[in-house]
Every structure is written in C-alpha cells, then in structure tokens.
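Written out below as structure tokens is the structure these notes cover.
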Amino acid sequence: MSLLVVGTVAFDTVRTPFGVAEKILGGAGTYASLSASYFGVKSRIVSVVGGDFPQKHIDLLKSRNVDLEGLEVVPEEKSFFWEGEYHNDMNSRTTIATEVNVFEKFEANIPAAYKESDYLLLGNLHPAIQNSVLEQMTKRPKLVVLDTMNFWMDNAWDDLLATIRKVDVLAINDEEARQLSGEYSLLKAARTILTMGPKFLVIKKGEHGALLFSDDDIFFAPALPLEDIFDPTGAGDTFAGGFIGFISKTGDLSFENLKRAVIYGSAMASFTVEKFGTDRLIDLSDEEVSERLQKFLTLTKFDIQL
Ligand code: AMP
C-alpha cells in the first residue's frame, strides 16, 4: 500500500492567547504526512521548499518515515510562509500573512515512482494543481481525498468544480461546505455537494467534531474535550492524514470503515492541538494513540433500550 500526499511544507508563525511561536515547521503536507506515518504507511510527499528550509525539519520528516523524493528544494527561493492569530475562543483565527514564495511556480511534478500510488491526499492548493496531480497518475488511486478552502471558491471556482468532480472524498469545514453548496443547513449542503462528484463528504467542525456523509448514511464524531488546547493549526490536515492513513492501512472503503477513519483522524488531530506546531505529532507512542481512541469510545458510548 502506498500513499501520496501533495501539500505545503512551510514555515508558520502562530499567535495564540498562550504565546507566540515564530517560523516553526508547518504546512498542510507536513501535518498530513506526519499524521499518516502513525499507520505504518510511508507517505510520499510532493511539495517544494526554499533554500531557507533547515535540514533539521527534513531530518524530522525522514525520522517519521516520510519519503522525500518528491520534495523539491529551490535554493534561491524562500519557503511558503503563513502567519495566523487565534482569538480567545481558540476556534477562530485571522490570517495575518500568506507568503506563497516558492509555491508561486509550483507545478507538482510527480516522480515516476509515485504515479501508481494506491491512495492520494490532495492538500489545499490551487485546484488546477490538484487536477494536474490527478492527470499525472498512471493508475487511478483506490481513494482520492481532497481538501480546499474558501479562497479557491472565490478565485478559481470553475477549476475547483472540475477537480472536485474527480475525487472520492471531499474534506472541508462547515463554512466552506455552506459556501460551496449555497445551503445553510449542513444536511442540504451535503446533499448538494454529493451531486458534484465526491462519493463521501467530511465536514470538519473544529472543536465540535466532524460529520461524514454518503448518499445513504451520516455519521458524527465528536471532538474530544481536551484539558489543553495550545495551537489548533494543522488540525484539519492532521485529521486528513490520519483519515487516509487508516484507510491505506486497512484497504477497506466501506462506509463502516470510513467511520473508523473519521475517529482515527479526530484522535490524531486531538494531539496536534495540544502543543504548538508539530511538536505533539512527532513522537507519539502506540499506547497514547490507543488511549485516545478508548476515550472516543467511552465518550460516545451509551445504552438506550427502545
Ligand atoms: P489548518 O489549520 O488545517 O487550516 O492548516 C494550517 C496549515 O496550512 C499551516 O501549517 C499553513 O502553513 C498551511 N496553509 C495556510 N494557508 C495555506 C494556503 N493558502 N495554502 C496551502 N497551505 C496553507
């Protein structure tokens, strides 16, 4: 089984009510591939960084068994940089800066060895790039998951619709689902979006959990109430990496198994938010992951006789 992740590998500066972390390792591709690495799958990452990207970050990704053949380094350019500030509720944030830098000319050239990957996660990028990745694959992956954001709905609507049409799972947040569908009710939004191509829709609701929809079924996973939330950055990408990592490991595309994947994704995301950046995601033990999953079971288990 093989997993291809396409997404940003970046520097982030994160401001929260608990402090500031400057120019730390971030990027959607980083979070997703680190998260997937806990499922015994070697994720192949396709991304680009500048000459300012330190060897220690590369070493960290390697230490988590991430395949970096597809990570291009452009020495004369700077890496993607994002800066955001979280408000007191830790659920909403303002983007202070997005410096695309080396991503301005990013073409997502997929190495030959990656073109037959079994699973594909298309992280948040211009939909035309996401589409070009799909077109470069010489074998249709068993499952393609796509993440996107409002920005592309505002600026690349036609490209986005053309790309969404080709994927199996769309993973977006509630606000994005509303914008994409033009519906306020998430149920109606899901029905509309499922006519646009994807077989499954995941709606991420931050600290309020995640919903999984197919034409016939709905599943809801809560987010765990946590003692410490330091930095929600990357939670959505960690979720996506855990979700597709679990599916890659099990190879089962049934709705029942996708429900489990939502729980695994949510469990991984619950770790990410506990520390700044990727700090909590680099050396989790199997026991810690199992304990988290047990908490989900306990939290959602109840007994009603009807
Ligand atoms: P999330 O908190 O799941 O929305 O993901 C945040 C991560 O996405 C950060 O580590 C950023 O480096 C990265 N990011 C922020 N803006 C963009 C963008 N426009 N395109 C791609 N990646 C981004």
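The opening position of the sequence shown corresponds to residue 684 in the numbering used here, with each subsequent residue numbered one higher. Glycine is no exception: its CB is placed at the ideal position from the N, C-alpha and C atoms.
Less than 7 Å separating the beta-carbons of residue i and residue j?
{"i": "I793", "j": "Q819", "result": "yes"}
{"i": "I886", "j": "A918", "result": "no"}
{"i": "E764", "j": "F694", "result": "In the sequence under discussion, the amino acid at residue 764 is Phe, which differs from the Glu named in the question. Cβ distance < 7 Å, so F764 and F694 count as in contact."}
{"i": "E760", "j": "G733", "result": "yes"}
{"i": "E858", "j": "D911", "result": "no"}
{"i": "K825", "j": "E799", "result": "no"}
{"i": "V945", "j": "L895", "result": "yes"}
{"i": "S730", "j": "L754", "result": "yes"}
{"i": "R963", "j": "F954", "result": "yes"}
{"i": "R698", "j": "E768", "result": "yes"}
Can you give me the Cβ contacts of residue i inside the same chain, cut-off strictly under 6 Å, excluding the 5 residues immediately before and after it?
{"i": "T846", "result": "P810, Q813 and N814"}
{"i": "E866", "result": "A872 and T875"}
{"i": "S726", "result": "L686, V688, S716, A719 and V749"}
{"i": "S897", "result": "F883 and F938"}
{"i": "L843", "result": "P810 and W835"}
Could you check if residue i is buried or exposed, using at least 16 other CB atoms within 10 Å of its CB as the buried criterion?
{"i": "S973", "result": "exposed"}
{"i": "H740", "result": "buried"}
{"i": "D914", "result": "buried"}
{"i": "D851", "result": "buried"}
How many angstroms separate the CA atom of residue i from the CA atom of residue j?
{"i": "L804", "j": "V828", "result": "5 Å"}
{"i": "V703", "j": "L980", "result": "34 Å"}
{"i": "A780", "j": "E766", "result": "5 Å"}
{"i": "G934", "j": "D969", "result": "20 Å"}
{"i": "N748", "j": "S720", "result": "7 Å"}
{"i": "I707", "j": "T696", "result": "6 Å"}
{"i": "D801", "j": "Q988", "result": "43 Å"}
{"i": "V816", "j": "T777", "result": "30 Å"}
Which same chain residues end up closer than 8 Å to residue i when comparing Cβ atoms and leaving out the 5 residues on each side of it in sequence?
{"i": "H891", "result": "P905 and A906"}
Taking residue i as the reference, give the member of the options with the closest Cα.
{"i": "I784", "options": "D920, D695 and S762", "result": "Sequence check: residue 784 is Asn here, not Ile. Checking every option, the nearest Cα to that of N784 belongs to S762."}
{"i": "F701", "options": "V757, G710, L751 and M773", "result": "M773"}
{"i": "L941", "options": "K978, G960 and I930", "result": "I930"}
{"i": "A924", "options": "I901, A854, D900 and K849", "result": "With the sequence shown as reference, residue 924 is identified as Gly, and Ala is not the correct amino acid for it. Measuring from the Cα of G924, the nearest candidate turns out to be A854."}
Within a Cβ cutoff of 7 Å, which residues of the same chain sit near residue i, ignoring the five residues on either side of it in sequence?
{"i": "G806", "result": "V688, V689, G690, T691, A711, G712, A715, D830 and D920"}
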